[in-house]
Structures are given as structure tokens and as C-alpha cells.
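Data block below; observations after.
There are 2 protein chains.
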Amino acid sequence: MQELNYNNLDQCEAFDRLRRLFPASPKPGAGLGETAAELNPRRALERDLNAGGGLRFNFAARGVSAEALDLLFRLAEEQQAEKKYRSLLSGEIMNTGENRMVLHHLSRGQVLADKPVLAGGRDLGAFYRGERERFSLFARRVREGEIRGSTGKPFKTVVQIGIGGSDLGPRALYLALRGWAEAEGITGPEARFLSNVDPDDAAEVLAGLNPEECLFILVSKSGTTQETLTNHALVVQRLQEGGIPGLDPRGHMVAVTSQTSPLAASSDFLDSFFMDDYIGGRYSSTSAVGGLVLSLAFGPETFEEVLAGAHEGDLLALEPAEQNAALTDALLGVFDINIRGLGTSAILPYSQALIRFPAHLQQLDMESNGKQVNRRGEPIGYSTGPVILGEPGTNGQHSFYQLLHQGTGVVPLQFIGFSRSQRGRDRSLDGATSQEKLNANLAAQIVALALGQKSDNPNKNFPGGRPSSLLYGDRLTPRTLGSLLAHFENKVMFQGFLWNLNSFDQEGVQLGKVLTGKVLAGRSQSPSPGDNREALLKFYAGLLGL
Amino acid sequence: MQELNYNNLDQCEAFDRLRRLFPASPKPGAGLGETAAELNPRRALERDLNAGGGLRFNFAARGVSAEALDLLFRLAEEQQAEKKYRSLLSGEIMNTGENRMVLHHLSRGQVLADKPVLAGGRDLGAFYRGERERFSLFARRVREGEIRGSTGKPFKTVVQIGIGGSDLGPRALYLALRGWAEAEGITGPEARFLSNVDPDDAAEVLAGLNPEECLFILVSKSGTTQETLTNHALVVQRLQEGGIPGLDPRGHMVAVTSQTSPLAASSDFLDSFFMDDYIGGRYSSTSAVGGLVLSLAFGPETFEEVLAGAHEGDLLALEPAEQNAALTDALLGVFDINIRGLGTSAILPYSQALIRFPAHLQQLDMESNGKQVNRRGEPIGYSTGPVILGEPGTNGQHSFYQLLHQGTGVVPLQFIGFSRSQRGRDRSLDGATSQEKLNANLAAQIVALALGQKSDNPNKNFPGGRPSSLLYGDRLTPRTLGSLLAHFENKVMFQGFLWNLNSFDQEGVQLGKVLTGKVLAGRSQSPSPGDNREALLKFYAGLLGL
């Protein structure tokens, strides 16, 4: 492997030229002038890339001139985006802060076919495949009624107990596939997700469940996550105290964890499935973390399709920048953030099935790139990861789109849409089906935001020049969903390379954990004299009844 | 009523002084230095205001110096915030763009006791009360089984069909009260919400319903909302084609609309309840729009408690700035946005029951104040309403908090917490209950964000100076929820006064509607030659299968 350069963004020549050629953020209330001038159907047809799994990425309305785009591609070259991706795939230590490899791509297949990744002589691709075979078999046996609860009843509900990456991704994917599964006649246990340590969350999620028919999946890589262990203990207590003769909690509980976690050796589980430190929580949807619950609910074949779609996206991410949807998206984001000064981005799926997908991307992006140091741990002087928000359209149109059209700030937008609904159960009213209305709204929004509309009444004036891109496909299937997931994962990875930061650790969550421990330990003590931090912890805890 | 001044923010002396005294946004990665220096328990105790309904607002960790706070209070005086609120309550035309009064406060009570609001000789307070009495009686009769479905079965499910303000607020309040109702032994029909025109939303919401036991509430003030009418027609078709002998759709459908809407005169409804143009969609949760569904699900007494809490908040909003939680919050937001240059804000409830409350506030705030013209319709040259996002804690901690702690941008935070859970079903594990862990996390986050922590390893360095405030109370009850709602409504209103804009119209949503109509009408036609807008609409519609 050749030596790679790790330069900060502001050391790049292409970035310097971009900064000199293009003005910073527009004035409050103004749009980005170039969009309207440059956007037309011919250009729109050209700026359209394959994103895998039947998904395409159209970025014509992002409002970037040909000159800027060319410099962005040069920036990708300077920052060795593709080479760094290859390096990551080969098992280099890309998570420098934690001294770890980054191998979530390997959970869905070998992208560099000739290069197995070894750790201590062990083939990790084979390890992930082996675990997948084990949990696929387990899921199949549950679905076929071979594995049953401790009182002999088949499992009708699966409850995943996990938080953060063990919750948001798997939940988003599960919700995204329910309508598809229904239309395809695929049945299986209902899945629920228990995440928050708030006891009202547990009460809500567990309401109405028959413990005899319920399988719980405890997901914690470290085996030490406070919320997850607390909710696990609560569930076990419930099962024990339910007074159901013969019910053994161990027959209703499986674990997804790392082989080094305290849970791995426990005899409290019907079975355990493993991942490792090379797959970060927010990247773990395609490992056992997402795979077991999805395989239980929809069958292992469905999960394999998700993996195939993601793998297709991963392969496309090796393409040259000009044909690489994820890298192009990453570059456009850097242009928005570092040239235009726009640090917020909205994800707007015109598909109700993607209701929790923006929440997953919020974690994926903000936890990966919300960083202030480069990969060597040195402070950097430019903006990094954006704030992410989003809700499905058309709902959002009747909510926060007012600001998107006429606010004083500009928010770059990422639309997602599909020609067909998942279920195809639709009716025509006033000459159009619901799906046609949905997509007419989406097309209208892209054009309204980009071109705006002049009016003599400034209150009815739309400045336009509000950039957006569109990820689109025929229908949201498991394969398309896998590619959609990979697109964003790879976009985030490429942005990390461009910013020269480590997208794979999360030191920013540690201080809160330490101080939480202090609050709980200090409840019966007075704060140390002169310790303002302890005194404040005590004060706020007191406001909250502690 | 005395003549009011309507000056832009940048014409105010206090604003000018603030701008000169305090530096603009910090460098990427830096916090706001003053927070750590000024935050201590004594100050934290002083900066604590009554927000009504048992709720208090603590803003010590917002990191604003005494001098800045004093200037902000002067700004409120200069912009006549309290006087404008009184003027609004008195029925002045505060929605200038649409030439309407703004009367959502009146839906929960007469704030200025001696001043009934008249329109054409009609007492509007009496009108709202009258409708409330009518829908309360209707809800009571449904709950007691006096009003039943057309085949004689009691209603077990209520489905609200509405979008935007007819969905987000009522849904957020319904979800916020379920746990409380369960704990109090209050039973009633389950509520569901159908909003999106995506046909997969309808399929999901209507799945498993028994039409005989189902009551639908069609909510559209204008009676012309595309999504809502489409979903209504879809539901009626389903009911008609269900093949249930004797089932009459009209016996399962009520309307909430304005008296001038086409729906008002329709005979397709079991009953209709009215609001009017003086209550905007996003402010309509305390009118029949939220009141009917909440009264059906939890009883009219519960809804009355929500109103009482909101009314208490409305009364407190008349207090001088120094004792006025909503106005103080509004001023702190203006400081963040216009002095510090921080245009994004996160709402972080440590209460799973408030899962959809941030989505409601996203609409409330962004649709109200995402404006680029002042109330006279003149362009303004400063930033207005923020971008809002949010998820419940502790979930968010395992997701996007990395960026909040260590991102290069600073995001002001609004925490919400309660001493007790709603249900009180809790267990102690490792010496602390789940609720205690939840609140220990919240206290720890406030302190960690404000004070940060120095480390020789920049990757483990927390700059601190990340501002937050805390709305807190004993338990999330209907009354507390009402005050919480009013707090944010009034904060948004006061910010509109400070920015000199009209928070009560939404012209920004109109262009999309017009272009959607063009797409649907133009499906079978070629675009007019030379019309780039039409050609682009056609192009994007084509990508989406239209």
C-alpha cells in the first residue's frame, strides 16, 4: 500500500481556488444566484449518477457551476478520497483515535475481492459471514416454529433492546420494509424497539405483549451500555414476576455483542451472535445488530437483499469521482458547508416508510463528522459535519418548509422519492392517484426551491436558489434500501476524508457518561467545597428531583 | 389602544449596543467563553422563572452575561413586546399579511378579562367556548357509548385525518398524555393520525381497524387541503366497499373546519365542529382541532386541564420581561441568532412521552418565523427564525450529541425534564431507578456542555461554553403539557415582535401548491416551448414516474 497524504482541507490547492472563486454565504433572505441560471433539463439529465440497487442520484438542482464541480473533483483527487477508501477496505487503521480498522463494508461483502482482511491470522470477512450464517439459521428456525419460547409457544414478537446504533438504524430499516413485506406476502414476528432509559418507554413498548410469545434481543457491543443493561434487567424482572408457570427468561433472550464483552460468556441467553470493534455502532445495521432482527421479521433472504444493495453501493463508491454518487454528494456537501457556509442539511423522503430514516442519518452524520480535530488529533480551523434534520414529505411541506422557501438562512436539501408506493394500494381522485400527487409535490418542490418566483409583493416573493438533490428509484425494496443506506454511509466516510478527520470514533459522548456517574454516586454527599462542577451537578440534579 | 411602534430589530438602540459589546459567532470548534466563567449554583438559582402549570424555566446555562441580559430586557421594552401581546389579545389585526386577528389564546380563555373580542358584533371567546361545549358533549356521549357507529357498535378507535397543524400538535399532545392516562386509570378510544398523501401511510394507519368501531375526524380549516381530502375520499371508499351490511360512512365521520368551508354545509358528517381564520393551523391544538381528539381519547376534563395549563402560561406572558419565561426565552434566542450568529436550536425532552413534541415545535417555530420580510412586507437584513430539530434523551446522547459537544458549530439547546415518570413503574438497578438514571444524564449533559473539560489530548478535549436552558417540572401532566405548549407558542410570538415580522401567515408554502397543480395538469401535455420552469417540472416528474 502506497503512503497516503493526510492534509487538512485548507491545505488543499483546489479548496483554496474554490474559496477565492466563490463568495461565502449569501445575505439573509437571498438565495444562491447561480442555481436558476444554470438549471435546465439538459443539465439535469447530465447530472445524474447510478447509486446502486436501482437508485439514482440527481444533483442538478444543487446549484454548483461546472467550474466549481471541476475543482471539487480535483479536491477529491488531492485528498485521495478513493485511495483512502481502498485503504480502509484493506484493513488499514482508519479509526486512528481508537487504533481500529473500519470494516462495516465487509459485513455485506468483500469489496476488494482479492484482499481478505486478517486480524491475528483470522479472516474477518469469514467471521462476519459465519455469524450471518448462524443468525440466519436461528431466524429461520424461529420463523418456522422450531425454536419456541420456554413454554412451547412460537415467537410472535421480537423486542430489540439497544440504544443509538443498536436502535436507530435497525428501527429505520424495519419500518422501511414493513409495507414492502406486506405487499410481497412475507409474514413474521412483529418487531419493537426499546431504547430509552426513561421507564415510560419500557412501559409503552412492553404494553400488551404476551411474554410467552416474545423474544428479546439484547444488543450492546461493549456489554456495558447503561440504558440497555437497565432495560434488560427490567425485562428479566417482568418475565420472572409474571407468574407464568414454566417460563424461563433465558429461553426468551438472545444477545448481539462482541466476543470480549461480559455478555458473551453469560448463560442467560438462548444464543449469542457476535460482531467486533471494527464495526462502529452507527455503521452496524448490516451486521448482526440489524441483521438478526430483520431476518426474524422478514426472513434471512430479505436481509440478504439489503446487503446486496449495500454492497452494490460500496462497489460504486470505488468509481472515479465523476461517476461516484456518494463521493459527488460528499463534495457538494463540502461546497455547501465550507464555501457557502451552510452548516445545516435536511433529509426529506417522500415515502412514509422512511419515517425514521432521517433520525438514523442524523446519528450517522453528526456522530461521525461532528468533530473539531483532525485524524492526528490536532485542532482544525474549518467547519466540519452538518446538523441534520428531516421528516417525510408531504408532511414537512405543511410544517417547516416555510423556512426552506422564505427563511433568511439557506438549508441544502436531500430529497428521496420513488415512482411506485410499496403496497400499490391506491385510488384515483380528481384524476390522480395518491402516489401521483405525492410525486407531483416532490417535483414541484425541487423546482420551486431552485427557481423561486418573483412577486411585487415581497411577502409572496420566492428568492429561489435553494439547493437540493434527489435520490430516486422505482420502488423502495430491500435492495434499494441497502443502496440508500450505503450511499449515506459512504458520503459521510468521504466527507471525513475530505476534512481529514476520523469519522469512526465518538469521544464527545464520554464526558456526559462520566458526569452521570458522578451525579448518581454523589446523591447522598455534599459537593466538595470549592468544586463548582460538583456543585452545579448537584444543583441541576436537585431541580430534577434527585 | 395607544399607537404602537413597528421598528425593525436593527433600528433598536439596545440591539445596536448588544452588537457592539458582544462578538459574533465563535470560531469553529470554540465554545462561548463566558458560560463557564459565569455559571455557578448561585447564578443558576437566580435565573429561574415560573412558566406555569408547575413548570419552571432555568436559563443559567444559556451563557448570557448580566450586562447582555439587561440590554435584552431593554430591547423587549423598545420593541414593545408586552404591549404588542396585549394588542394581539385585544383583537388587533396582528396577522397583517392576511388581514386577520390572532386569537389562539382565546381558545383557552380570556387573558385580558375585561376585553371580549368581537367580530361583526359576535363575541369570539363565546364562540370558541360554545364549540368546546359542543365537542365536549359529543366526546362524552361517544365515551359513554351513547353515540355509536352506524351498525350499533361503540367506537374503539378514532382516526384524525389532517396534515400540518391538524396533525403535528394534536399527535404530539396525544402521545404525551397516553402514559399519564394509563397511570390515572383513564381509558377511552385509541387515537391514530393519518396525514401523508403517500398511500403507504393510509395503508399503515388503517391496518387492522374494524370500520364498525372506528370514528374518523376530518380536519381542514379551509376544507380544500389536497392530502386531507384525498385521504378522506380513500377512507370513505374503503368503508363503502368493505361489504359490511348496514355500515353508513356518514355515521363514522365528523368534521373540524371553518364555518365558511365547503365541508361545513356537507351532509356527509355525523357532526361538525368549528374554528375560524383567527386561529392558525400550527396554533390550533387548543381549539377543536386538538380538543376533539384529545377529549375523545382522554375525556373533556383532561383537555380542560391542558387548556388551564396553557391559559396559565398565557397569563404569565403578560409579566414584565424579568419575570416572563416565554419572553426571556425569546430574547435569549435573539441573542443566539442575531448576536452570536447561531441559527439552529435543538429541543431535547428527557421524556419519551414527548417523542413528537420536537416535530410540533419544528413546525410552530419554522413556519411562524422562517420569514424574510417584516410585517409591512419589506425585506429585512438580519436573520430570523432558527432551524429546529430534536429527539428525546437519553436516545439523542447515543446519536447526535457528539456534534453538540465537539462539533465545529455551536447549537443552543432547550432541555425538558421531569422529576417523576408518568407511570411511576420503575425498578432500581445498581442503586438507581431508571428515572434517576434518566435525570442524572440530563443534569450531567447541562454541566458537561457548559463547562466542558480540558484534556491534553485534543480529541478528548471539550471546549464547553455550549449554551442550554432547562424547562422542568414534577411530572408531565395535562396541565404541565398545556403550559409547555403555551411557553413555546408565546416564545415564538415574542420573537416575531422582536424581529418585527408577522408570525401568523405562511406565504412560503403557496408556490409549491401552485406548481404541484401544474405538474398534475401537465402530465399529458408537452411543456410550452421556451418555458424552462415547465420543462423542469416535466423533467423531475418524469424521474418520478409521472
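Protein sequence lines, in the order shown, are assigned to chains A and B.
The first sequence runs contiguously to residue 1994 in my numbering.
The second sequence runs contiguously to residue 1994 in my numbering.
The beta-carbon is built from N, C-alpha and C at its ideal position, and this holds for glycine as well.
Across the structure, residue 1813 of chain A and residue 1678 of chain A are spaced so that their CA atoms are roughly 27 Å apart. Taking the CA atoms as reference points, residue 1917 of chain B sits about 24 Å from residue 1612 of chain A.
With a threshold of 16 other beta carbon atoms within 10 Å, residue 1710 of chain A falls short and is exposed. Around the beta-carbon of residue 1727 of chain B, 16 or more other beta-carbon atoms lie within 10 Å, marking it buried.
Scanning chain B for C-beta atoms nearer than 8 Å to the C-beta of residue 1871 of chain A yields 1647, 1648 and 1651, reported in chain order. Excluding residues up to 5 positions away in sequence, 1697 lie with their Cβ nearer than 7 Å to the Cβ of residue 1684 of chain B in the same chain.
Around the C-beta of residue 1986 of chain B, 16 or more other C-beta atoms lie within 10 Å, and the residue is accordingly described as buried. Contact note: residue 1494 of chain A does not reach chain B at a C-beta cutoff of 8 Å; the least C-beta distance is about 12 Å.
Contact between the stretch 1657-1675 of chain A and the stretch 1900-1917 of chain B is not established, with fewer than three Cβ pairs separated by less than 8 Å. In this structure, residue 1731 of chain B places its C-beta atom within 7 Å of the C-beta atom of residue 1552 of chain B. Between residue 1740 of chain B and residue 1721 of chain B, the C-beta gap is smaller than 7 Å, which places the two residues in contact. Membership of residue 1679 of chain B in the alpha helix (DSSP H) is indicated by the continuous run 1674-1689. Residues of the stretch 1573-1595 of chain A with a C-beta atom less than 9 Å from some C-beta of chain B do not occur.
According to DSSP, residue 1827 of chain A shares a beta bridge with A:1821. One thing to note: residue 1584 of chain B has its Cβ no nearer than 7 Å to the Cβ of residue 1737 of chain B.
For residue 1894 of chain B, the enclosing alpha helix (DSSP H) stretches over residues 1882-1899. Contact between the stretch 1967-1974 of chain B and the stretch 1881-1900 of chain A is present: 3 or more CB-CB pairs across the two stretches fall below 8 Å.
When C-alpha distances from residue 1835 of chain A are compared across A:1951, A:1849 and A:1785, the shortest belongs to A:1785. C-alpha of residue 1733 of chain B to C-alpha of residue 1465 of chain A: approximately 52 Å in a straight line. Judged by beta-carbon spacing, residue 1729 of chain A lies beyond the 7 Å limit of residue 1705 of chain A, meaning their Cβ atoms are not closer than that value. About 34 Å separates the beta carbons of residue 1865 of chain A and residue 1854 of chain B, which is beyond the 8 Å limit, so they are not a contact pair.
For residue 1548 of chain B, the number of other beta carbons within 10 angstroms of its own is at least 16, and it is reported as buried. Of the other Cβ atoms in all chains shown, fewer than 16 fall within 10 Å of the Cβ of residue 1453 of chain A; this residue is therefore exposed.
At least 7 Å separates the CB of residue 1638 of chain A from every CB of chain B.
Across the stretch 1912-1928 of chain A, CB contacts with chain B closer than 8 Å involve 1918, 1920 and 1922, in sequence order along the chain. Of all residues in the stretch 1796-1808 of chain B, the ones placed with a Cβ closer than 8 Å to any Cβ belonging to chain A are 1798, 1799, 1800, 1801 and 1807, in chain order. Counted as a single uninterrupted DSSP element, the beta strand (DSSP E) harbouring residue 1920 of chain B occupies residues 1916-1921.
Interface with chain B (7 Å Cβ-Cβ cutoff): residue 1907 of chain A is included. Not a single CB atom of chain B sits nearer than 7 Å to the CB of residue 1688 of chain A. Straight across, the Cα-Cα distance linking residue 1944 of chain B with residue 1956 of chain A is about 35 Å.
Here residue 1626 of chain A carries a helix assignment [DSSP, helix/strand/coil]. Interface criterion met: the Cβ of residue 1880 of chain A is under 7 Å from a Cβ in chain B. Interface criterion not met: the Cβ of residue 1523 of chain A is under 7 Å from no Cβ in chain B.
The beta carbons of residue 1952 of chain A and residue 1550 of chain A sit closer together than 7 Å. Here residue 1809 of chain B is buried. Its C-beta has 16 or more other C-beta atoms within 10 Å. By the neighbour-count criterion, in which 16 or more other beta carbons inside 10 Å mark a residue as buried, residue 1506 of chain B falls on the buried side.
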